[in-house]
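J.: Residue 335 in my numbering is what sits at position 335 of the sequence shown, and the numbering runs on without skipping anything.
Glycine residues also receive a C-beta, built at the ideal position from the N, C-alpha and C atoms.
First the structure, which I've put down as structure tokens, then a few questions once you've had a look.
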Amino acid sequence: MKLATWGSRTGAALLFALGVAMSASAQAPAKADATKAAPPAAAAAPAPAAEAAKAPPALAPNSTANIGWNKPPEWSKVETLPQYASVPGRETNVLVEDHGHKWRELRNGPVTSYGGYLLLIVPVLLILFYFIKGPFKLHGAPTGKLIERFNSLERMTHWTVAISFLVLAVSGIFILFGKYFLLPVIGASAFSALTVFGKTLHNFVGPLFMFSLVAMFFIYVKDNFMGGSDFAWLARMGGILSGKEMPSGRFNGGEKAWFWLGTVVLGTVVCVSGLILLFPNWNTGRELMASANIWHAVGAVLFMALSLGHIYMGLATEGAYKGMREGYVDETWAQEHHSEWYADVKSGKAAGDKDKGMAAQPAAGDD
Ligand code: HEM
């Protein structure tokens with residue numbers, strides 16, 4: 001083997017050995033160091049993971065991302081402030097509508113608690129009143145002569161309003177209070193099925209209630225204007241406590257107050273707010289929706305509480321329910337409960353006396 005080849009091979013080997021030795025020595029010092037006390041942490045080289053985390057992510061080869069441009073802003077900064085949104089439309093660039101916090105506190109707070117108390121206290125008071133006072137029976141004997149009190153259009157409108165109101169009241173109570181008294185009893189899946197069904201029913205019966213309420217207003221308003229005797233009636237609660245009923249027209253002061261406060265004022269509140277809630281696609285913002293929900297809940301709770309008084313009077317007054325169901329009341333009933341109306345019917349000034357002929361022709365010796 002020629003000297004040169006030997007030499008170059010030896011040289012290469014020597015070089016190789018030298019290289020190995022140098023790298024070992026490079027290692028040796030660190031090893032030598034590891035046995036020494038570790039210098040303080042600050043000096044420690046940052047862990048590769050932390051470094052890696054800090055390092056911008058490796059982009060996929062064909063990524064169009066621009067590092068640092070779409071860095072998500074802090075939550076507290078974006079929560080309620082308008083941001084960039086690629087979806088066009090009202091409020092699509094607002095993540096959380098600030099009014100929403102207030103809405104939730106109000107709805108799940110005072111509206112639910114005070115509303116719940118009211119809807120518990122009123123029936124208890126009415127039951128107590130029934131046990132103390134009992135039903136309102138006729139004092140005199142019925143004559144058997146019937147007077148028409150409500151014609152078929154009035155009765156049909158009333159019962160459409162009344163039945164749709166009851167459906168809305170029950171389904172509304174499930175939606176607002178159900179999770180407190182129903183969910184613990186029937187469990188989550190049954191409760192959700194029932195409330196979804198109730199909400200759907202609520203959304204479809206709502207418009208029926210609205211239209212029949214408007215019809216009821218135009219049909220009943222003519223006999224509901226307040227007069228002197230109505231304020232006197234209200235001031236002494238119609239003499240119900242004393243047992244001596246006060247004179248009134250076709251409707252007494254209490255019924256007229258129910259008509260204006262219940263049917264008209266609260267009816268308008270629940271219907272207008274209900275319409276806003278029913279059509280979120282009318283470009284209505286979340287703030288208006290939240291306010292409409294509160295108006296609707298408060299209006300409905302007051303409406304239900306007030307209607308309990310009306311329903312109580314309608315059922316506890318002997319002959320009243322029959323009058324709204326069949327349309328006729330006995331002459332004695334009309335005389336005792338609505339004496340001014342009875343006089344108008346007798347004189348022919350008001351409709352209602354079936355034997356109109358007789359009423360129209362003054363009876364012998366009447367002149
Ligand atoms: C189950 C529920 C209801 C029952 C049992 C009931 C019963 C009655 C009865 C018996 C009358 C006749 C009273 C009389 O002869 O003077 C009456 C009248 C009336 N009811 Fe009802 N009602 C109910 C629900 C409603 C509801 C939900 C509304 C309205 C939202 C309503 C509005 C009226 C009005 C406006 C009158 C005529 C009195 C007036 O115009 O002042 N009722 N109701």
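Which residues does DSSP pair with residue 330 in a beta bridge?
T.: Answer is 146, bridged to residue 330.
J.: Using the three-state DSSP reduction, which class does residue 129 fall into: helix, strand or coil?
T.: If DSSP states are grouped into helix, strand and coil, residue 129 belongs with the helices.
J.: Could you spell out the range, first to last residue, of the alpha helix (DSSP H) harbouring residue 175?
T.: First-last of the alpha helix (DSSP H) with residue 175: 152-181.
J.: With DSSP collapsed to three states, give me the class of residue 366.
T.: Summary for residue 366: the model assigns pLDDT 45, below 50, so the residue's position carries little reliability, and this model does not support an answer.
J.: Measuring alpha carbon to alpha carbon, tell me which of 238, 147, 121 ends up nearest residue 347.
T.: Taking only the C-alpha atoms, the option nearest residue 347 is 147.
J.: Decide if residue 368 is buried, meaning its Cβ has at least 16 other Cβ atoms within 10 Å, or exposed.
T.: Outside the shown range of the chain, which is 1 to 367, sits residue 368, and nothing can be said about it.
J.: Use the C-beta contact count for residue 282: other C-beta atoms within 10 angstroms, 16 or more gives buried, fewer gives exposed.
T.: Under this definition residue 282 is an exposed residue.
J.: Hey, is the region 276-295 in contact with the region 253-268, meaning 3+ C-beta pairs nearer than 8 Å?
T.: They do not touch, by the three-pair rule.
J.: What residues in its chain sit with their C-beta under 7 Å from that of residue 139, if we drop five residues either side in the sequence?
T.: Closer than 7 Å at the Cβ level, and outside the excluded window around residue 139, lie 336.
J.: Looking at residue 297 and the ligand HEM, is the gap between the Cβ and the nearest heavy atom below 6 Å?
T.: Not so, every heavy atom of the ligand HEM lies at least 6 Å from the Cβ.
J.: On the three-state DSSP scale, how would you describe residue 136?
T.: Strand at residue 136.
J.: Is residue 165 near the ligand HEM, judged by its Cβ being under 6 Å from some heavy atom?
T.: Because some heavy atom of the ligand HEM lies under 6 Å away, the Cβ of residue 165 counts as near it: yes.
J.: Excluding the 5 residues preceding and the 5 following residue 339 in the sequence, name in chain order all residues of the same chain whose CB lies nearer than 6 Å to its CB.
T.: Contacts found: 247.
J.: Can you check which of these residues, 333, 297, 351, 228, is closest to residue 107 by C-alpha distance?
T.: When only C-alpha atoms are compared, the closest one is 297.
J.: Please classify residue 195: does DSSP put it in a helix, a strand, or coil?
T.: Correct three-state label for residue 195: helix.
J.: Do you know how far the Cα of residue 173 is from the Cα of residue 90?
T.: Approximately 31 Å, taken between the alpha carbons.
J.: Measuring only from the beta carbon, is residue 320 closer than 6 Å to any heavy atom that is part of the ligand HEM?
T.: Residue 320 Cβ: within cutoff of the ligand HEM.
J.: May I ask you to report which of helix, strand or coil DSSP gives residue 200?
T.: Here residue 200 sits in helix by DSSP.
J.: Any beta carbon of chain B sitting closer than 7 Å to that of residue 241?
T.: Of the protein chains in the structure, only one exists, and it is not chain B.
J.: Please report the Cβ distance between residue 99 and residue 286, rounded to the nearest whole angstrom; I am assuming they are in contact, meaning their Cβ atoms lie under 8 Å.
T.: Indeed they touch by this definition, with Cβ atoms about 7 Å apart.
J.: Pick from 345, 316, 313, 312: whose alpha carbon is nearest that of residue 328?
T.: Checked all of 345, 316, 313, 312; the closest Cα to residue 328 is 345.
J.: Confirm, please, whether the CB-CB distance from residue 224 to residue 197 is below 7 Å.
T.: No.
J.: Do residue 332 and the ligand HEM come close, with the Cβ less than 6 Å from some heavy atom?
T.: Not under cutoff, so the answer is no.
J.: With distance defined between alpha-carbon atoms, name the residue in 154, 155, 177 nearest to residue 118.
T.: The residue with the shortest Cα to Cα distance from residue 118 is 177.
J.: Alpha carbon to alpha carbon, what distance is there between residue 304 and residue 213?
T.: Each residue's Cα considered, the two are about 15 Å apart.
J.: Roughly how many whole angstroms lie between the Cα atoms of residue 331 and residue 325?
T.: About 17 Å.
J.: Could you tell me the boundaries of the alpha helix (DSSP H) in which residue 287 lies?
T.: Start and end: 286-316.
J.: Compute the minimum distance between the beta carbon of residue 185 and the heavy atoms of the ligand HEM, and state whether it is under 6 Å.
T.: Incorrect: residue 185 has no Cβ contact closer than 6 Å to the ligand HEM.
J.: Please list, in chain order, all residues of the same chain as residue 352 whose beta carbon is under 6 Å from its beta carbon, the five residues on each side excluded.
T.: The answer, listed in chain order, is 147, 148, 345.
J.: Taking 7 Å as the limit between beta carbons, can you name the residues of its chain near residue 370, skipping five residues before and five after?
T.: Lying outside 1 to 367, the shown extent of the chain, residue 370 is not represented and no answer is given.
J.: Is the beta carbon of residue 182 less than 7 Å from the beta carbon of residue 205?
T.: No; because the gap between Cβ atoms is not below 7 Å, this pair is not in contact.
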